[in-house]
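In full-length UniProt numbering, the protein residues as written are 1 to 265.
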């Protein structure tokens, strides 16, 4: 039997209202469940319009684009949360664009509940059951067991990822990284892109932005977050942060909803 999980730990919700969006190829270590409220969002070659739900799986390379102003909100849900609720092991969503009015309405209600009642004393307990039910219905209807996850990475890829993550605040060089795997610089770039889905530069940049985002969540001042995540200055950090996240670090700090479920054991 599964032990009760802290369902809301690190659940994050970001909302974008009436704006165009364009994000380069990237990935997240969470599931991204997006509620499309107005407009059309294109992810890779998939089109999600008003009234639909768009999903990307953890570590799935994707890019986003809207040619017009769009309103949508994304729930970033940890893999452990989905595993806890879902009947499948390492759930994968093959249908990325979901047209289901009932699920769309349920997700919209969860979003409204967050906006209206987050500061209330019993928010976590009240939110818990509805969120649990939504995820269960989503996975049972559209999920499946995932035969692949990042644990299947070869040792050399795992070691390389760890090394990069441990040295984000240093000047990582392609020559240094290529020597670690016994390749020339250009062989390494091709090999890395084939195995990871991004070029080394794109991957390192994305990891820096994600680490900077983590520091902001922890309350680290923006200047310090920029330097600790390996950027030259706050302006450089802000430019890339906005490119990948869709808003400036300061806007993210002010507007993101991050939950810590200290009541659920």
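Where is the CB? At the ideal position from N, CA and C, for every residue including glycine. Here the structure is a predicted model, which is why all the values come from computation and not from measurement.
From this set, 99, 135 and 64, which residue's C-alpha is nearest residue 243's C-alpha?
When only C-alpha atoms are compared, the closest one is 64.
Pick from 210, 129, 246 and 124: whose alpha carbon is nearest that of residue 164?
Closest option to residue 164, Cα to Cα, is 210.
My understanding is that residue 78 touches residue 10, with C-beta atoms under 8 Å, so please give their C-beta distance in whole angstroms.
The C-beta distance from residue 78 to residue 10 rounds to 6 Å, short enough to fall under 8 Å.
Buried or exposed: where does residue 57 fall if 16 or more other Cβ atoms within 10 Å of its Cβ makes it buried?
Counting the other Cβ atoms within 10 Å of the Cβ of residue 57 gives 16 or more, which makes it buried.
Runs of alpha helix (DSSP H) lying entirely within the stretch 173-208, each at least 4 residues, in chain order
Restricted to the stretch 173-208, the alpha helix (DSSP H) segments that are unbroken, complete and at least 4 residues in length are 174-180 and 185-196, listed in chain order.
Taking 7 Å as the threshold (C-beta atoms), are residue 71 and residue 38 in contact?
Yes, they are a contact pair.
Please determine, among 143, 41 and 228, the residue with the shortest C-alpha to C-alpha distance to residue 22.
Closest option to residue 22, Cα to Cα, is 41.
Inter-residue CB distance, residue 44 and residue 28 (contact presumed, cutoff 8 Å):
With a contact defined as Cβ atoms closer than 8 Å, residue 44 and residue 28 miss out at about 14 Å.
Pull up the distance between the alpha-carbon of residue 235 and that of residue 250, whole angstroms please.
Taking the straight line from one Cα to the other gives about 11 Å.
Short of 7 Å in beta carbon distance, which residues of its chain neighbour residue 18, apart from the five on each side in sequence? Order them along the chain.
Exclusion of the five residues before and after residue 18 leaves 69 and 71 as the residues of its chain whose Cβ lies within less than 7 Å of its Cβ.
Using the C-alpha atoms, what's the distance from residue 134 back to residue 107?
Rounded to the nearest angstrom, the two C-alpha atoms are 7 Å apart.
Looking at residue 139: is its Cβ nearer than 7 Å to the Cβ of residue 86?
Yes; because the gap between Cβ atoms is below 7 Å, this pair is in contact.
Give me the Cα-Cα distance between residue 145 and residue 233, rounded to the nearest whole angstrom.
Distance between the alpha carbons of residue 145 and residue 233: 43 Å.
Take residue 96 and list the residues in its own chain whose beta-carbon comes closer than 6 Å to its own, dropping the five residues that flank it on each side.
For residue 96, where only same-chain residues beyond five positions count, the Cβ hits under 6 Å are 46 and 55.
Alpha carbon to alpha carbon, what distance is there between residue 103 and residue 116?
Between the alpha carbons of residue 116 and residue 103 lies a gap of roughly 20 Å.
Classify residue 59 as helix, strand or coil using the three-state DSSP reduction.
The answer is coil: DSSP assigns residue 59 none of H, G, I, E or B.
Proximal residues to residue 204 (C-beta, below 7 Å), its chain only, five neighbours per side dropped
Excluding the 5 residues flanking it on each side, residue 204 has same chain C-beta neighbours closer than 7 Å at 164 and 172, in chain order.
The beta strand (DSSP E) enclosing residue 33, as first and last residue numbers:
Run containing residue 33: 31-38, per the beta strand (DSSP E) assignment.
Leaving aside the five residues before and after residue 185 along the sequence, list all residues of the same chain whose C-beta is less than 8 Å from its C-beta, in chain order.
Answer for residue 185: 174, 175 and 178, listed in chain order.
Considering just the uninterrupted stretch of the alpha helix (DSSP H) at residue 235, what are its terminal residues?
Here the alpha helix (DSSP H) through residue 235 covers 234-245.
Within 7 Å, strictly: CB atoms of residue 98 and residue 59:
The answer is no: Cβ separation not under 7 Å.
Are the beta-carbon atoms of residue 228 and residue 167 separated by less than 7 Å?
Note that the C-beta distance between residue 228 and residue 167 is not below 7 Å.
According to DSSP, what are the bridge partners of residue 91?
Answer is 145.
Which of helix, strand or coil DSSP assigns to residue 260:
Unreliable positioning characterises residue 260 in this predicted model, as indicated by a pLDDT of 49, which lies under 50. A coordinate reading is not provided.
Let me check one thing: in DSSP terms, what residues is residue 71 bridge-paired to?
Per DSSP, 38.
Comparing C-alpha positions only, which one of 195, 114 and 254 sits nearest to residue 158?
Nearest to residue 158 by alpha-carbon distance, out of 195, 114 and 254, is 195.
If you drop the 5 nearest sequence neighbours on each side, which residues of the same chain put their C-beta closer than 8 Å to that of residue 191?
For residue 191, where only same-chain residues beyond five positions count, the Cβ hits under 8 Å are 181 and 183.
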